[in-house]
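Visitor: Position one of the sequence shown corresponds to residue 6 (the working numbering), numbered consecutively onward. Below you will find the structure I want to go over with you.
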Amino acid sequence: MANRRNFLHTSFFSGLGLFLYNKRFPAQPFSAAPQGQPVVISTWDAGLQANKAAWEILSNAGEAIDAVEKGVMVTEASQNCCVGLGANPDRDGFVTLDASIMDHRFNCGSVAFLERIKHPVSVARRVMEKTPHVMLVGEGAQQFAIAEGFTLEEPVLSPAAQKAYENWLKKSTYKSPLINVENKNGHGPFAPAKLEDGEWNHDTIGMVAMDARGNLSGSCTTSGAGFKMRGRVGDSPIIGAGLYVDNEVGACTATGQGEDVIRVAGSHAVIEKMRLGMDPEGACKSIIERIVKIKGEKVKDIQVAFLALDRRGRVGAFSIHPGFSYALRKEGVEALVKAPSWFL
Ligand code: ASP
Numbered sequence: 006m007a008n009r010r011n012f013l014h015t016s017f018f019s020g021l022g023l024f025l026y027n028k029r030f031p032a033q034p035f036s037a038a039p040q041g042q043p044v045v046i047s048t049w050d051a052g053l054q055a056n057k058a059a060w061e062i063l064s065n066a067g068e069a070i071d072a073v074e075k076g077v078m079v080t081e082a083s084q085n086c087c088v089g090l091g092a093n094p095d096r097d098g099f100v101t102l103d104a105s106i107m108d109h110r111f112n113c114g115s116v117a118f119l120e121r122i123k124h125p126v127s128v129a130r131r132v133m134e135k136t137p138h139v140m141l142v143g144e145g146a147q148q149f150a151i152a153e154g155f156t157l158e159e160p161v162l163s164p165a166a167q168k169a170y171e172n173w174l175k176k177s178t179y180k181s182p183l184i185n186v187e188n189k190n191g192h193g194p195f196a197p198a199k200l201e202d203g204e205w206n207h208d209t210i211g212m213v214a215m216d217a218r219g220n221l222s223g224s225c226t227t228s229g230a231g232f233k234m235r236g237r238v239g240d241s242p243i244i245g246a247g248l249y250v251d252n253e254v255g256a257c258t259a260t261g262q263g264e265d266v267i268r269v270a271g272s273h274a275v276i277e278k279m280r281l282g283m284d285p286e287g288a289c290k291s292i293i294e295r296i297v298k299i300k301g302e303k304v305k306d307i308q309v310a311f312l313a314l315d316r317r318g319r320v321g322a323f324s325i326h327p328g329f330s331y332a333l334r335k336e337g338v339e340a341l342v343k344a345p346s347w348f349l
């Protein structure tokens, strides 16, 4: 009994010591991660350009959190159908953006239903660093962004989004749009577009990275499902759904039908599988199988993909349908990798 009391006493005070230590030295990771070769992975082919910006930071001994922010900012600034202000609008004609970011110490921030701000991921980072909160939405998120010095952009659709929206309005299908599904024309990252405008609807960028210190971080940014209901928020800004990082285990991000990622707390679920010993691909596959089981027949109409990195620097991905690819960058490697899928 005396020993047990001593043990409790010691662990209480050493625990307190650790807490104080971490408070005083916030740059320390919670647990020593292995010193590693940096690596960055991100979703879809747009990830190739985003990874370049992230790699600039990682290859110069920079931090993963800076790499994942700067990386996805490239996609946010590009004229992409589904990320940033150039993206497809909701069905009322407004572009609304969702984004999240998370570092190696469980610090996280996100914004949702944010309008007229070019870099939602950077606003998410400010939420993480400058507020006691994790998530800000809509008008409040926009007010915070303006107070932080972000510019309010003109609410105009990009020419491509305008065309896609006009095309969508002809049918105005009042249902959840198809996301990421390789359609009859064989469109996908490996089969160039032959689609009608507005028909192709993917490209959230999710990025996870490990820096030279072995620390992990992740980011995720999107305009969500094109022609969605006004106010709809997907998985991308939901910590644990579209993004999760646990420095002792790994980092994971998701793309595809956000509703079906949220229902299984997708990225967090993948991390928990890795914690139990699965490698990143096996962990992604097992949560895809969970979604397949839940959805039954309906799974043929949706795409979901997970992309994960473990603390040893191993990467892996898995999707429901073929056509999901991810961009990989590490020393001596710059590649677009086709992920395995549940349907062959
Ligand atoms: N996951 C995103 C959402 O549901 C969309 C996507 O990845 O394409 O908002």
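We put the beta carbon where it would ideally sit given N, CA and C, even for glycine. All of these numbers come straight from a predicted model, not from anything done at the bench.
Apply the 10 Å Cβ neighbour rule to Ile243 and answer buried if 16 or more other Cβ atoms are within range, or exposed otherwise.
Guide: Position 238 of the sequence shown, counted from the first residue, corresponds to residue 243. Buried: at least 16 other Cβ atoms inside 10 Å.
Visitor: To the nearest angstrom, how far is it from the Cα of Ser323 to the Cα of Asp284?
Guide: Locating residue 323 in the sequence shown gives position 318, where the first residue counts as 1. Locating residue 284 in the sequence shown gives position 279, where the first residue counts as 1. Ser is not the amino acid found at residue 323; the sequence shown has Phe there. Near 12 Å, if we compare the C-alpha coordinates of Asp284 and Phe323.
Visitor: Quick one: measure Cβ to Cβ for Asn82 and Ala166, integer angstroms, because I've assumed they're closer than 8 Å.
Guide: The residue labelled residue 82 in the question sits at position 77 within the sequence shown. The residue labelled residue 166 in the question sits at position 161 within the sequence shown. One point to set straight first is that residue 82 is Ala, not Asn, in the sequence displayed. About 15 Å separates the two Cβ atoms, so there is no contact after all.
Visitor: Considering just the uninterrupted stretch of the beta strand (DSSP E) at Lys300, what are its terminal residues?
Guide: Numbered from its first residue, the sequence shown carries residue 300 at position 295. Premise fails: Lys300 lies in the alpha helix (DSSP H), Pro285 to Lys300, not in any beta strand (DSSP E).
Visitor: Measure the alpha-carbon distance for Glu68 versus Val77 and round it to whole angstroms.
Guide: Counting from one through the sequence shown, the residue named residue 68 turns up at place 63. Counting from one through the sequence shown, the residue named residue 77 turns up at place 72. Near 15 Å, if we compare the C-alpha coordinates of Val77 and Glu68.
Visitor: Report the option in Asn252, Gly245, Asp108 and Glu159 whose CA atom is closest to the CA atom of Thr260.
Guide: For the purposes of this step, residue 260 is identified with residue 255 of the sequence shown, where counting begins at 1. Nearest option by C-alpha distance: Gly245.
Visitor: Evaluate contact between the stretch 54–73 and the stretch 219–230, counting only Cβ atoms and requiring at least three cross-stretch pairs below 8 Å.
Guide: Yes, the stretch 54–73 touches the stretch 219–230.
Visitor: In whole angstroms, give me the CA-to-CA distance for Gly41 and Ile296.
Guide: For the purposes of this step, residue 41 is identified with residue 36 of the sequence shown, where counting begins at 1. For the purposes of this step, residue 296 is identified with residue 291 of the sequence shown, where counting begins at 1. Approximately 33 Å, taken between the alpha carbons.
Visitor: Starting from Val250, trace the beta strand (DSSP E) in both directions and tell me its first and last residue.
Guide: Against the sequence shown, residue 250 aligns to sequence position 245. Looking at the DSSP string, the run of the beta strand (DSSP E) that includes Val250 is Leu248 to Asp251.
Visitor: Note down, in chain order, each residue of its chain lying with its Cβ closer than 7 Å to the Cβ of Gly318, except the 5 sequence neighbours on either side.
Guide: Translated into positions along the sequence shown, residue 318 becomes position 313. Excluding residues within five positions, the ones whose Cβ falls inside 7 Å are Gly41, Gln42, Val44 and Met215.
Visitor: Check whether the Cβ atoms of Pro125 and Ala152 lie closer than 8 Å to each other.
Guide: Stepping through the sequence shown from its first residue, residue 125 is reached at position 120. Stepping through the sequence shown from its first residue, residue 152 is reached at position 147. No. Outside cutoff.
Visitor: Could you check the C-alpha separation between Asn188 and Glu294 for me, to the nearest Å?
Guide: Locating residue 188 in the sequence shown gives position 183, counting from the first residue. Locating residue 294 in the sequence shown gives position 289, counting from the first residue. In this prediction, Asn188 scores a pLDDT of 44, lower than 50, which makes its location untrustworthy; no coordinate-derived value is stated.
Visitor: Contact defined as beta carbons within less than 8 Å: I believe Ser88 pairs with Cys113. What is the distance between those atoms, to the nearest angstrom?
Guide: Indexing the sequence shown from 1 puts residue 88 at position 83. Indexing the sequence shown from 1 puts residue 113 at position 108. Note on residue identity: the sequence assigns Val, not Ser, to residue 88. About 20 Å separates the two Cβ atoms, so there is no contact after all.
Visitor: Evaluate Glu159 with the Cβ neighbour count: other Cβ atoms within 10 Å of its Cβ, from every protein chain shown; 16 or more gives buried, anything less gives exposed.
Guide: What you label residue 159 is simply residue 154 of the sequence shown in a count that begins at 1. Exposed is the call here.
Visitor: Determine the extent of the alpha helix (DSSP H) in which Glu159 is found, giving its start and end residues.
Guide: As a working mapping, residue 159 is identified with position 154 in the sequence shown. Careful: Glu159 lies outside any alpha helix (DSSP H) and carries neither H nor E.
Visitor: Comparing C-alpha positions only, which one of Pro345, Phe348 and Leu341 sits nearest to Leu53?
Guide: On the sequence shown, position 48 is the one that residue 53 refers to. Cα-wise, what sits closest to Leu53 is Leu341.
Visitor: Got a sec: does the ligand ASP put a non-hydrogen atom nearer than 7 Å to the Cβ of Cys289?
Guide: Working through the sequence shown from its first residue, we reach residue 289 at position 284. No, the Cβ of Cys289 stays beyond 7 Å of every heavy atom of the ligand ASP.
Visitor: Consult DSSP for Ser177 and reduce its assignment to one of helix, strand or coil.
Guide: For this step, residue 177 is matched to residue 172 along the sequence shown. Coil, per DSSP.
Visitor: Taking 7 Å as the limit between beta carbons, can you name the residues of its chain near Leu23, skipping five residues before and five after?
Guide: Position 18 of the sequence shown, counted from the first residue, corresponds to residue 23. For Leu23, the pLDDT reaches just 39, beneath the cut-off of 50, and the residue's location in the model is therefore unreliable, although a value from the coordinates is still provided. Closer than 7 Å at the Cβ level, and outside the excluded window around Leu23, lies no residue.
Visitor: Could you check the C-alpha separation between Gly255 and Phe348 for me, to the nearest Å?
Guide: Taking the sequence shown and counting its residues from 1, the one referred to as residue 255 is at position 250. Taking the sequence shown and counting its residues from 1, the one referred to as residue 348 is at position 343. Rounded to the nearest angstrom, the two C-alpha atoms are 26 Å apart.
Visitor: What are the start and end residues of the alpha helix (DSSP H) that includes Ile151?
Guide: Here the question's residue 151 lines up with position 146 in the sequence shown. Taken as a continuous stretch (DSSP letters only), the alpha helix (DSSP H) holding Ile151 covers Gly143 to Ala152.
Visitor: Pull up the distance between the alpha-carbon of Ser64 and that of Lys175, whole angstroms please.
Guide: Working through the sequence shown from its first residue, we reach residue 64 at position 59. Working through the sequence shown from its first residue, we reach residue 175 at position 170. Cα to Cα, Ser64 sits roughly 48 Å from Lys175.
Visitor: What's the C-alpha gap between Pro194 and Asp50?
Guide: Start at 1 with the first residue of the sequence shown, and residue 194 comes out as number 189. Start at 1 with the first residue of the sequence shown, and residue 50 comes out as number 45. Residue placement at Pro194 cannot be trusted, given a pLDDT of 36 that sits under 50; the coordinates are not used to answer.
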